[in-house]
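Counting in our numbering, the final residue of the sequence shown is number 418, and the numbers go up one at a time with none missing.
Glycine is no exception: its CB is placed at the ideal position from the N, C-alpha and C atoms.
On a predicted model such as this, the values are computed, not experimentally measured, just so you know.
Here is the structure we will look at.
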Amino acid sequence: STRLAIFAQEWRRSRATKSIPRRPIEVRSDEAVPGVVGLIGNTPLVRINSLSDALGVDIFGKAEFLNPGGSVKDRVALRIIEDAEARGLLHPHTGSVLFEGTVGSTGISLATVGKAKGYEAHIIMPSDVAIDKVLVLERLGATVERVPPVSIVDQNQFVNLARRRAHEFGNVDLPTNSTTDDIVVSTTATDDDVHGAPTPRHRDAVEHKPRGFFADQFENSSNFDAHFRGTGPEILRQTGGHVDAFVSGAGTGGTISGTSAALKRAVPDLKVVLADPEGSGLFNKVKYGVMFASQESEGTKRRHQVDTVVEGIGINRITHNFELGEAIIDDAYRVTDAEAVAMSRYLVANDGLFLGSSSACNLVACVRLAKTMPRGARIVTILCDSGARHQTKFWSDEYLAKHGIPIDVGMIADLLAA
Ligand code: PMP
1 STRLAIFAQE WRRSRATKSI PRRPIEVRSD EAVPGVVGLI GNTPLVRINS LSDALGVDIF
61 GKAEFLNPGG SVKDRVALRI IEDAEARGLL HPHTGSVLFE GTVGSTGISL ATVGKAKGYE
121 AHIIMPSDVA IDKVLVLERL GATVERVPPV SIVDQNQFVN LARRRAHEFG NVDLPTNSTT
181 DDIVVSTTAT DDDVHGAPTP RHRDAVEHKP RGFFADQFEN SSNFDAHFRG TGPEILRQTG
241 GHVDAFVSGA GTGGTISGTS AALKRAVPDL KVVLADPEGS GLFNKVKYGV MFASQESEGT
301 KRRHQVDTVV EGIGINRITH NFELGEAIID DAYRVTDAEA VAMSRYLVAN DGLFLGSSSA
361 CNLVACVRLA KTMPRGARIV TILCDSGARH QTKFWSDEYL AKHGIPIDVG MIADLLAA
């Protein structure tokens, strides 16, 4: 034991003398980014080899699933928050609360960017959205409020609830298309409601107190801007401007509108195609100029329904963000649940790409479009999120069987051969 004690003493002494020289850590901008928000955007463009080789048309996907919050919505959350900060509506590290009604991705992105900047997130979600996203939100420390399934309520309902919650917390309403001058300050309540201090609520922004902020992704044009200034210019850079078509689904419409506007400005001949899931009315709006949902005849209760296993795209009203790009959408394809499911399984088997439902939907539309294009043409689409977010619905064989949706990968081979 004496020998052990001496050994221990010597070991400690040797460790003490062999101290590691301490140098200041230099972070070079090309090697590291300053925090999590630095990981947002600048996503790679990936060639979808199996489809491109079979078609003789190059199909590229913007790998948005590589964003830190796992989806294209990270860009939007960051832009919405930073625009609000620039307008003095939010101040970092004040514990202000971001409110949003979302089927998931935007909530996860708001929670992610929020934590990095010192905000909380309060997310209102329909109860029929895949539980995977709820779990992620909870791990990110967001408050999750679940409302009845989106398939039985007006889609506006959960979005409006988010608006109301933000207002209850002390929101300064930000009207659509607003400038700082347009900000409507609520004068009906005082700071007492929230903080017990006797100052008017609108001073919160000035005094950097925690307050509620309704992100409003459907109507807030910061959503469009995220893609107009980010996604679009990145695609132009990555393709050297050699891009013939852009394909995207639309939920809020931010992606298709903002990206297309940037692309068409540089490439006027570019064709923009909407990929629309079953039950969505956008297809009809683009094709016939009239917004009508496929289930409209079944009554008003189902008027706003988008009844599909594809999450995040398809809607039965015209949002401000969709409106911003509507005029530049040239065509639309309807994609069935069965086709999107088949595409997702096909891509895992042939490309090692594990994608979410809206990405699969986009790629079905890309194949249809490629069939109409000359060999060597280039199509770009968005790979919105990964399959990991869709384990319990879109990627669950049991769920699909229960809802009568076939898993028939042969559909894609047929589509390619047609
Ligand atoms: N894919 C997924 C997974 C989404 O959550 C969303 C957003 N609702 C979209 C696509 C559609 O994007 P946008 O809202 O920009 O139309």
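When the distance is taken between beta carbons, is residue j closer than 8 Å to residue i?
{"i": "D385", "j": "E82", "result": "no"}
{"i": "S96", "j": "F218", "result": "no"}
{"i": "L274", "j": "S248", "result": "yes"}
{"i": "D276", "j": "V335", "result": "yes"}
{"i": "A338", "j": "D414", "result": "no"}
{"i": "A332", "j": "V267", "result": "no"}
{"i": "V144", "j": "V134", "result": "yes"}
{"i": "I412", "j": "T255", "result": "no"}
{"i": "S280", "j": "I318", "result": "no"}
{"i": "V309", "j": "H403", "result": "yes"}
{"i": "S221", "j": "L110", "result": "no"}
{"i": "N350", "j": "S50", "result": "yes"}
{"i": "E278", "j": "V103", "result": "no"}
{"i": "Q238", "j": "L45", "result": "yes"}
{"i": "A215", "j": "L39", "result": "no"}
Residue i lies in the beta strand (DSSP E); which residues open and close that run?
{"i": "Y399", "result": "Counting along the chain, Y399 falls outside any beta strand (DSSP E), though it belongs to the alpha helix (DSSP H) covering 397-402."}
{"i": "E120", "result": "120-126"}
{"i": "S248", "result": "245-248"}
{"i": "L140", "result": "Premise fails: L140 is in no beta strand (DSSP E) and is neither H nor E."}
{"i": "I405", "result": "Note, I405: premise wrong, no beta strand (DSSP E); not H, not E."}
{"i": "D276", "result": "271-277"}
{"i": "R378", "result": "378-383"}
{"i": "F394", "result": "F394 -> no beta strand (DSSP E), and no H or E assigned at all."}
{"i": "G212", "result": "212-214"}
Hey, quick one: how far does the alpha helix (DSSP H) through residue i stretch, first residue to last?
{"i": "M343", "result": "337-351"}
{"i": "H320", "result": "320-326"}
{"i": "I235", "result": "232-239"}
{"i": "K264", "result": "254-266"}
{"i": "I315", "result": "Counting along the chain, I315 falls outside any alpha helix (DSSP H), and DSSP gives it neither H nor E."}
{"i": "V364", "result": "357-370"}
{"i": "F283", "result": "282-288"}
{"i": "F419", "result": "Residue 419 lies beyond the residue range present for the chain, which begins at 1 and ends at 418; the question has no answer from this structure."}
Which whole-angstrom value describes the C-beta separation of residue i and residue j, a residue pair presumed to lie in contact below a C-beta threshold of 8 Å?
{"i": "G253", "j": "L161", "result": "About 21 Å; that fails the 8 Å criterion."}
{"i": "F394", "j": "S359", "result": "Not a contact, Cβ separation roughly 10 Å."}
{"i": "K424", "j": "T106", "result": "In the structure displayed, the chain extends from 1 to 418; residue 424 sits before or after that span and is not available."}
{"i": "N223", "j": "I80", "result": "7 Å"}
{"i": "S127", "j": "V159", "result": "Incorrect: roughly 15 Å between the Cβ atoms, too far for contact."}
{"i": "G356", "j": "H390", "result": "5 Å"}
{"i": "G35", "j": "R75", "result": "The pair is not a contact, with the Cβ atoms about 16 Å apart (cut-off 8 Å)."}
{"i": "L400", "j": "V341", "result": "6 Å"}
{"i": "L78", "j": "V37", "result": "6 Å"}
{"i": "T43", "j": "K62", "result": "6 Å"}
{"i": "L270", "j": "A250", "result": "So it is not a contact: roughly 17 Å between Cβ atoms."}
{"i": "L137", "j": "I108", "result": "6 Å"}
{"i": "F246", "j": "V380", "result": "5 Å"}
{"i": "D132", "j": "T392", "result": "6 Å"}
{"i": "A121", "j": "A142", "result": "4 Å"}
{"i": "G170", "j": "R139", "result": "Actually they are not in contact, since the Cβ atoms of G170 and R139 sit about 27 Å apart, beyond 8 Å."}
Taking only beta-carbon atoms, is residue i less than 8 Å away from chain C?
{"i": "V364", "result": "No chain C appears in the structure shown, which is made up of a single protein chain."}
Is the number of C-beta pairs between the segment 257-265 and the segment 320-330 that are closer than 8 Å three or more?
yes
When you compare the segment 50-57 with the segment 371-381, are there three or more beta-carbon pairs, one atom per stretch, that lie closer than 8 Å?
yes
Is it the case that the segment 224-238 contacts the segment 110-119, given that we only count it when at least three CB pairs across the two stretches are under 8 Å?
no
Runs of alpha helix (DSSP H) wholly within the segment 42-115 (minimum 4 residues, chain order)
49-55, 73-86
Evaluate the contact criterion for the segment 84-96 versus the segment 64-75: three or more CB pairs, one atom per stretch, below 8 Å.
no
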